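Okay, so here's the structure we're looking at.
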Amino acid sequence: ALHGWFYDCDREARWHENYPLAKGDNQSPIEISSKDARYDTCLSPWHASYDPGAAKTILNNGRTCRVVFDDTFDRSVLRGGPLSGAYRLRQLHLHWGSSDDHGSEHVVDGVKYAAELHMVHWNPKHGNFAGALKQSDGVAVVGIFLKVSEIDNIKTKGKEAPFQHFDPSILFPKSRDYWTYHGSFTTPPCEECITWILLREPIEVSADQMAKLRSLSKNGENEPVNPLVDNWRPPQPVKGRIVRASFK
Ligand SMILES: CC[C@H](C)CCC(=O)Nc1ccc(S(N)(=O)=O)cc1
Ligand SMILES: [Zn+2]
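So for the sequence shown, my numbering puts the first residue at 1123; every next one is plus one.
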């Protein structure tokens, strides 16, 4: 992006100086209050059909760890839930803290999770991703909370899954229960083009896996080490938006 932007607190409050949308009325993330969410019986279940062969690369862009997928055709798609039509999976990435007690972007009943996984999909009826960003129904992001499992007292050996055959639907928790609301990118330019689908059930990751995330650096090779942690935006004003729940 032309203008650099940063996460440390006071800097986030200044994003709007170069990215006016950051002060919009539909910004993300938000605080989810489960008691204020409205159970909507009309909400249908969401379905993902992902092709593991669509996974291409994993990269550290200095702001997050991102896995990109081939989205040149309807190869890995998300449909149903609050969405109409099939949305193409473009990339997934994470936001995490410097310790297990914070790191997620959305906060649920005051609970911050250690990390939050975002699976970013776009609506092909808008031609391409850049076009989809300009539409309020252009993008759908599935947000999945990560909490550190208790079983971490006993060291578990993590398996390395090759990314060429990586099926992201393995990351989905058992329950498909979700909250949905209309919001924005949580990083500049903060377009308000996102239908958020936040899964209620977090998935468990080991302390080793969290430590792996925290071992990534913001800096490039042969530069002073600058740990890539705390890459989360704080909750933004709800401004009267309704959060719907797919469950009672
Ligand atoms: C304007 C073009 C844009 C920089 C293209 C790159 C991109 O995909 N950005 C992006 C995607 C998802 C989120 S989030 N965290 O899921 O809301 C935040 C930013
Ligand atoms: Zn994100």
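Even for Gly, the Cβ is constructed at its ideal location relative to N, Cα and C.
All of these numbers come straight from a predicted model, not from anything done at the bench.
- Counted as a single uninterrupted DSSP element, the beta strand (DSSP E) harbouring residue 1244 occupies residues 1237 to 1244.
- Take residue 1303, set aside five residues on each side of it, and the residues of its chain with a beta-carbon closer than 6 Å to its own are 1318, 1363 and 1365, in chain order.
- Taking residue 1207 as reference, the option from 1137, 1335 and 1262 with the minimal CA-CA separation is 1262.
- Restricting attention to 1205, 1190, 1230 and 1134, the CA atom closest to the CA of residue 1156 is found in 1230.
- Secondary structure of residue 1269 (DSSP, three-state): strand.
- The criterion of a C-beta distance shorter than 7 Å is satisfied by residue 1352 and residue 1219.
- With contacts defined by Cβ atoms closer than 7 Å, residue 1215 and residue 1240 form a contacting pair.
- Bounds of the alpha helix (DSSP H) holding residue 1138 are 1137 to 1140.
- Straight-line spacing of the CA atoms in residue 1251 and residue 1161 works out to 31 Å.
- Sixteen is the threshold: when 16 or more other Cβ atoms of the shown chains lie within 10 Å of the Cβ of residue 1152, as they do, the residue is buried.
- When the five nearest sequence neighbours on each side are left out, the beta carbons in the same chain lying within less than 6 Å of the beta carbon of residue 1297 are those of 1323, in order along the chain.
- Residue environment: residue 1307 is assigned as buried (16 or more neighbouring CB atoms within 10 Å of its CB, all protein chains considered).
- For residue 1361, the number of other beta carbons within 10 angstroms of its own is below 16, and it is reported as exposed.
- In the three-state DSSP reduction, residue 1307 falls in the coil class, being neither helix nor strand.
- Of the candidates 1143, 1235 and 1203, 1235 places its Cα closest to the Cα of residue 1325.
- The three-state secondary structure of residue 1257, taken from DSSP, is coil.
- Under the three-pair Cβ rule at 8 Å, the segment 1192 to 1200 counts as touching the segment 1161 to 1174.
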